[in-house]
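Heads up: the structure comes next, in structure tokens.
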């Protein structure tokens, strides 16, 4: 009960109430019409502070005052409180939108977002603003986490293309699936990237031994790089669909033979240089 009340006070404080005003509202909602003295006695707070808080609530229109001997206080209904707060917030939001200086410049800097919860929420927010297209390169774990935001973008008329590592359940979205190789996520985790409306690039990592991190930018170089990478992946997917067995026989699974051809030579050269 105490935890619920504490959380309630926190929410009321977000709406501009002081902690004492929030506590007064809580007591009045619980007990109905009572005196300021009874409120102060119940909360163990000085009467002068309680009366000051009650007067503020009366001025704001959240509490009714019946002057007499004694003076009684009563809160308006919770629906009225909610409607009043909502009206105030809408008026404030309209004013901010009209008078806040607008940024027309592109976000060409590279902004970092750290922490799992912050990264997940930031990407949900960016997906919520997609107007025409989202190119997404994800593992199945992240595809599941962002599936709701992706489907909402589809409902808003955006084209969503997903290159997914592992089985991904994304109905209504065009998915280019790839077989998982768990070695890919060892150590540095699962990589993900987005290109939103051919304008915003997001790249990051999640899972593994490293903390969740994402980089967000509108820098053309990063946007174009991720676009090219995504469609190269789509081309390879189409080739594997058409000639998968032949390609695997000649080049190995996931073109491993081609990759080894160059990475093995590089590793050998590095070892040779270290011996010198």
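Residue numbers (the numbering used here): 18 to 293.
Note that beta-carbon positions come from the ideal geometry of N, C-alpha and C, so glycine has one too.
Please read these numbers as outputs of a predicted model, since none were measured by experiment.
Inspect the beta-carbon positions of residue 103 and residue 234 and report whether they are closer than 8 Å. no
In chain order, what residues of the same chain lie with their CB nearer than 8 Å to the CB of residue 18, ignoring the 5 residues before and after it? In this prediction, residue 18 scores a pLDDT of 48, lower than 50, which makes its location untrustworthy; no coordinate-derived value is stated.
Taking the C-alpha atoms as reference points, what is the distance between residue 4 and residue 161? Look at the range of the chain in this structure, 18 to 293, and you will see that residue 4 is not part of it.
Can you list the alpha helix (DSSP H) stretches of 4 or more residues lying completely in the region 128-199, in chain order? 133-144, 157-162 and 164-172
Out of 147, 217, 22 and 154, which has the shortest C-alpha to C-alpha gap to residue 47? 22
Alpha carbons only, please: which of 205, 129, 209 and 171 is nearest the one belonging to residue 191? Its Cα nearest to that of residue 191, the residue 171 stands out among 205, 129, 209 and 171.
Measure the beta-carbon distance from residue 80 to residue 74 and round it to whole angstroms, keeping in mind my assumption that it falls under 8 Å. So it is a contact: roughly 4 Å between Cβ atoms.
Rounded to a whole number of angstroms, what is the C-alpha to C-alpha distance between residue 166 and residue 144? 6 Å
Can you give me the Cβ contacts of residue 217 inside the same chain, cut-off strictly under 6 Å, excluding the 5 residues immediately before and after it? 235
Spatial neighbours of residue 243 within its chain, please: C-beta separation below 6 Å, excluding the five flanking residues on both sides. 210, 212 and 218
With a Cβ-Cβ cutoff of 8 Å, do residue 230 and residue 136 count as a contact? yes
Determine the DSSP secondary structure at residue 230, reduced to helix, strand or coil. strand
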